[in-house]
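Residue numbering for the sequence shown follows this note's numbering, starting at 393 and increasing by one per position. Glycine included, C-beta positions come from ideal geometry on N, C-alpha and C. What follows is a single structure, written as structure tokens, with notes after it.
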Amino acid sequence: MDKDFKNWPGGYPPDAAEGQAKQVAAQVEHSCKVSNALPEDSHVKQVAKQFDGSTNMTKLPRPTRWEGADSRARPEHQAKSSGVLNSMVSMLTGSSAPHKESLRAMEEHYETLLANAKWENEVLGKDILRYREKLHTQKREEEDALQSLADEAHRNIAKDKNNHERQMIRERNAHSWELHRVKQDCSTHIEAAKKEKEMAENSCKKLEHEFEVMERKIRDLQSVQLQSVEAVKWAPHSHSDIEHKLKSIFARVRQWATEYSFLDIDQVLDPDFFADMATRLKNRGCIGDANLLYHALCSNKSMKKPGKAFAMVLAADLSFEIMLETIGDPFCAFVGRGEDKYVLGERHARCFRALVQLIRNCDVAGAENLRCQLLRLLDPVANDAVSVNLMKRIAKESRELAAETIANKLFETYTEKLVAERSTDARNSLKALTQEAVDLSWELWTRKARIEVLVWADLQEHVGKTIQYGADAKALEAHPLHNRELEDEPQALDGAEVVLLCSPAIAIAGTAEGRDYDKEKLIKKAIVVVG
């Protein structure tokens, strides 16, 4: 019971003094047992006084939890408590056994305490039930509140989701419309840009044409100025003038070959003779495949005429030999031997060629200008000075000796195949022909532009390994042998393979002012025979 009272909230109840008294009596009784003697009256009285002083009922605090709950039983309890105290005092004063009334009073007191405890337990149980119900209600309300909050959150989420989806749809539609508008704008800009590009290209073409016209005018003015600065003797030749002179030389070569050749087709196709002739033609750059030429000569009926086939191949060999020895060589007049005092020496030509080629490796314009100045200094403008006239005579005699040397070499090569009765005329005619070529070479190489003779290998670099004829070919011209085939239909021989170059193509590189040596211009097409 003491433990129950101590553990109750609010402290001891008002009648707890009896419990304390009981504890004091138990302590006294225990001490008496220990001493094996009854306590003396003086000692009992002293303990009772001490107990009365420490258990003054008027000084006990009133626990707040018991206020109002046991107020009705308090007077009775106080009376009974005094009876209990009296009984205990009687016991302590020496009574051998408790009084019956005291025992009954104590029983009633404890029953009352038990009843109060039960009542308190009931009250506490009710409070617990009430608190549990209240807690359950509060918990249910909290759960309902949480559920309400969750439902509200779900509604808000669903609402926000719907709003977001609607916003996304609106933005997607807006973006689609904006993209469509941008595409339309881009299409419009592209069309405008295309038109501007076309206009710009047309404008560029127009400007390029105007630039070319102005460039030609400038070149003409420069040529005029150059002619005024330099001697009239070194004025540049027009391309048409050069082409005319070259055609004249080729025509004279064909005429000479036709006039002095007499071999028929069988003699030309003789294996030994044809092999030697084909070797010469291949070395000159006239043919690519000897078999193609052989079959072409065999299949062409016009070649059956005596001397015609040989005249054609002879003219081809002479044309290439003359062009390579004269037009293709700026120092062709340097043929003098060591003992020739008034002739340009061959040893000088070798030095000049090596020097010009060495300089050309790093400075093309400088090399061509050096070549031009060397030849001009060897043939100065005429004046009354003796030294000038001597130099001009040396240059003239050197050209004549070069022409004679080339003519004699060619004549000796074919002397046995020519008409013997007319050998002197043939030699003289050939000498005049080579003289014309040497003089033209000197005129061309004393200008700053460079002359190039294009043989079979050179044409292959321009048109491919297989050279085919075409009416619109820039570097090829059909031999008069094919005039009848092309008279009615100019494209009749398009795609036919070329078997023989009867004359080389001639090109010119650079300008009269000594620039643009990387640009070539064809001034004479190659004359070709097709299979």
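Just list the residues that DSSP pairs residue i with in beta bridges.
i, result
"Ile913", "The question names Ile, yet the displayed sequence has Lys at residue 913. Lys913 is bridged to Ile900."
"Glu889", "Gln860"
"Ala918", "Leu868"
"Val845", "Ile898"
"Leu810", "Ser653"
What's the C-alpha gap between residue i and residue j?
i, j, result
"Cys578", "Glu604", "37 angstroms"
"Ala888", "Asn675", "23 angstroms"
"Leu599", "Ile900", "27 angstroms"
"His556", "Asp543", "19 angstroms"
"Val515", "His546", "45 angstroms"
"Arg745", "Leu673", "26 angstroms"
"Glu533", "Lys551", "26 angstroms"
"Gln827", "Lys597", "46 angstroms"
"Lys531", "Arg522", "14 angstroms"
"Leu914", "Lys639", "14 angstroms"
"Gln470", "Lys526", "Confidence at Gln470 is low in this model, with a pLDDT of 44, below 50, so the placement of that residue is unreliable and no value is reported for it."
"Leu571", "Glu602", "45 angstroms"
"Asp771", "Arg742", "19 angstroms"
"Leu710", "Ala592", "53 angstroms"
"Leu613", "Tyr909", "20 angstroms"
"Met715", "Pro896", "8 angstroms"
"Arg564", "Ser595", "45 angstroms"
"Glu535", "His528", "10 angstroms"
"Asp576", "Ala537", "With the sequence shown as reference, residue 576 is identified as Gln, and Asp is not the correct amino acid for it. Between Gln576 and Ala537, the C-alpha separation is close to 57 angstroms."
"Val735", "Leu793", "8 angstroms"
"Trp511", "Ser540", "42 angstroms"
"Leu495", "Ile520", "36 angstroms"
"Lys625", "Asn753", "30 angstroms"
"Val780", "Asp831", "19 angstroms"
"Gln559", "Arg573", "21 angstroms"
"Thr650", "Leu767", "35 angstroms"
"Leu477", "Asn513", "Its pLDDT being 49, under 50, Leu477 is placed unreliably by the model, and nothing is read from it."
"Asp656", "Pro663", "14 angstroms"
"Trp890", "Lys637", "The question names Trp, but residue 890 in the sequence shown is Val. Straight-line Cα distance between these residues: approximately 25 angstroms."
"Lys916", "Asp850", "14 angstroms"
"His629", "Glu635", "10 angstroms"
"His740", "Ala812", "38 angstroms"
"Leu802", "Glu607", "44 angstroms"
"Val481", "Leu506", "Low per-residue confidence applies at Val481: pLDDT is 48, beneath 50, and the placement is therefore not dependable, though the value from the model is reported in the following sentence. Each residue's Cα considered, the two are about 24 angstroms apart."
"Val778", "Leu769", "15 angstroms"
"Ser815", "Leu822", "10 angstroms"
"Lys784", "Val773", "8 angstroms"
"His687", "Gly730", "48 angstroms"
"Ala581", "Trp569", "Correcting the residue identity first, residue 581 is His in this sequence and not Ala. In a straight line, the C-alpha of His581 is about 18 angstroms away from that of Trp569."
"Lys553", "Ala566", "19 angstroms"
Out of the options, state which residue places its alpha-carbon closest to the alpha-carbon of residue i.
i, options, result
"Ala667", "Asp656, Gly720, Asp658, Ala682", "Ala682"
"Arg842", "Val748, Glu879, Val574, Ile714", "Val748"
"Asp886", "His572, Arg524, Val922, Glu493", "Val922"
"Ser694", "His874, Val735, Glu512", "His874"
"Ala795", "Arg819, Arg608, Ala584, Val847", "Arg819"
"Lys733", "Ile786, Phe744, Asn692", "Ile786"
"Phe702", "Thr718, Asp658, Ile719", "Asp658"
"Arg611", "Gly906, Ala643, Glu844, Lys916", "Gly906"
"Thr797", "Ala829, Val811, Val773", "Ala829"
"Ala643", "Cys894, Tyr686, Trp848", "Cys894"
"Gly737", "His871, Lys917, Glu789, Glu499", "Glu789"
"Trp648", "Met704, Ala777, Val660", "Met704"
"Glu713", "Tyr652, His631, Ile641", "Ile641"
"Val645", "Ala824, His687, Met498", "Ala824"
"Trp848", "Ala918, Lys801, Leu878, Pro872", "Ala918"
"Glu912", "Ala507, Gln852, Leu822, Val845", "Val845"
"Thr718", "Thr580, Ala799, Ser568", "Ala799"
"Thr858", "Thr671, Ser833, Ile679, Leu878", "Ile679"
I'd like to know whether the C-beta of residue i is nearer than 8 angstroms to at least one C-beta of chain E.
i, result
"Asp709", "Absent from the structure is chain E; it holds one protein chain and no more."
At a cut-off of 7 angstroms, would you count residue i as near the ligand NAD, judging by its Cβ distance to the nearest heavy atom?
i, result
"Ala901", "Because no ligand of any kind appears in the structure shown, any question about the ligand NAD cannot be addressed here."
query: Would you call the segment 748–761 and the segment 898–917 in contact, with 3 or more CB pairs under 8 angstroms?
result: yes
Validate contact between the segment 722–731 and the segment 576–595 using beta carbons, cut 8 angstroms, 3 pairs: no
query: Counting only runs that start and end within the segment 683–747, where is the alpha helix (DSSP H) found for 4 or more residues in a row?
result: List check, alpha helix (DSSP H) in window: 700–714.
field: the segment 831–848 / the segment 707–726 touching (three or more Cβ pairs under 8 angstroms)
entry: yes
query: On the three-pair Cβ rule with 8 angstroms, is the segment 805–812 touching the segment 863–871?
result: no
Contiguous alpha helix (DSSP H) assignments of at least 4 residues, all confined to the segment 517–599: none
- request: Within the segment 656–682, note down every full alpha helix (DSSP H) run reaching 4 residues or more, in order along the chain.
  value: 657–660, 663–676
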